[in-house]
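Visitor:
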Amino acid sequence: MVNSRDTALLREDVEANVHIWLRLCEAEGLQVLITQTVRDDAYQAYLYAQGRTKPGQIVTNSRRTTFHGAGLAVDFCKNVKGQEYSDAAFFDRVIEIAKEVGFSSGADWKSFPEKCHIQWDYHGQYSGSMITAGRLPPLMPIYERSSADMITMEDVKSMSEETTLALWNKIQNVLGEQEQTGKVGEELREAVEMGITDGSRPKAACTRAQAAVMVKRAVKGE
Ligand SMILES: [Zn+2]
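Residue numbers (the numbering used here): 738 to 959.
1) Along the beta strand (DSSP E) that carries residue 812, what are the first and last residues, could you check?
2) What are the boundary residues of the alpha helix (DSSP H) that includes residue 921?
3) In whole angstroms, what is the alpha-carbon distance linking residue 888 and residue 747?
4) Under the DSSP definition of a beta bridge, which residues are partnered with residue 791?
5) For residue 807, which residues from the same chain have a beta carbon less than 8 Å from its beta carbon, with the 5 sequence-adjacent residues on both sides left out?
6) In angstroms, rounded to a whole number, what distance separates the CA positions of residue 898 and residue 905?
7) Should residue 846 go down as buried or exposed, given a rule of 16 or more other Cβ atoms within 10 Å for buried?
8) Could you give the distance in angstroms between the alpha-carbon of residue 842 and the alpha-carbon of residue 783?
9) Under 7 Å: does the beta carbon of residue 922 sit that close to some heavy atom of ligand 1?
10) Using 7 Å as the cut-off, classify the Cβ of residue 812 as near or not near the heavy atoms of ligand 1, replying yes or no.
11) Could you tell me the distance, in whole angstroms, from the CA atom of residue 752 to the CA atom of residue 815?
12) Buried or exposed, going by whether 16 or more other CB atoms sit within 10 Å of the CB of residue 908?
13) Taking residue 756 as part of the alpha helix (DSSP H), name the residues at either end of that continuous run.
14) With burial defined as no fewer than 16 other Cβ atoms inside 10 Å of the residue's Cβ, what is the status of residue 839: buried or exposed?
15) Whole angstroms is fine: what's the gap from residue 880's alpha carbon to residue 919's?
Put into structure tokens, the structure is as follows:
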């Protein structure tokens with residue numbers, strides 16, 4: 738009987754994303770404990786019997802192991818004694834992050850919701866019966882949160898003016914190297930011909946104050 742909480746038994750792409758999910762949760766102070774990774778048909782039959790032919794509450798609607806059997810799912814709880822399944826805000830956020838990473842949540846199941854279960858089913862395109870029939874979802878892309886999301890408004894607000902300017906300059910230097918295309922690019926060439934600008938650093942930004950002064954000078958013929 739296979740009944741494991743070892744993430745190394747998961748399919749490799751799923752394992753990598755489970756660890757990314759765990760790290761993102763940890764960064765927000767959410768302590769997740771993996772309670773199940775892989776289980777086989779024998780253990781699934783044991784779970785299925787619970788609340789049916791054996792005492793206890795019904796915990797599953799599936800006789801055969803599906804996503805857990807294929808190493809595509811994990812079960813989890815809050816890693817705080819006495820609060821394992823009771824903290825609704827914890828589950829809301831942890832599930833939200835899991836979905837961001839690419840997992841589907843058992844909390845969304847209509848017939849038998851399982852808030853403590855996430856799986857890789859290619860965004861709902863693979864069902865349990867497909868998995869038991871040996872039809873497995875494609876590789877799960879390794880999740881990368883965009884850097885812009887890594888830096889929050891609060892992070893920026895807490896920077897010194899010096900640091901903010903240094904960061905701004907870095908962004909401007911990168912943008913400045915990019916070519917201006919399209920209609921704006923055409924008008925920029927026209928502006929260069931008119932001697933308004935030398936056309937350098939075309940995509941670097943100017944401030945609203947600088948733009949207003951430029952327009953004012955042009956209007957007054959300064
Ligand atoms: Zn599960």
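Backbone N, C-alpha and C define an ideal beta-carbon position, used for all residues, glycine too. Keep in mind the model is a prediction, meaning the values are calculated, not measured.
Guide: This is what the structure holds:
1) 810 to 815
2) 919 to 930
3) 31 Å
4) 787
5) 748, 868 and 873
6) 10 Å
7) exposed
8) 23 Å
9) no
10) yes
11) 19 Å
12) exposed
13) 749 to 764
14) buried
15) 33 Å
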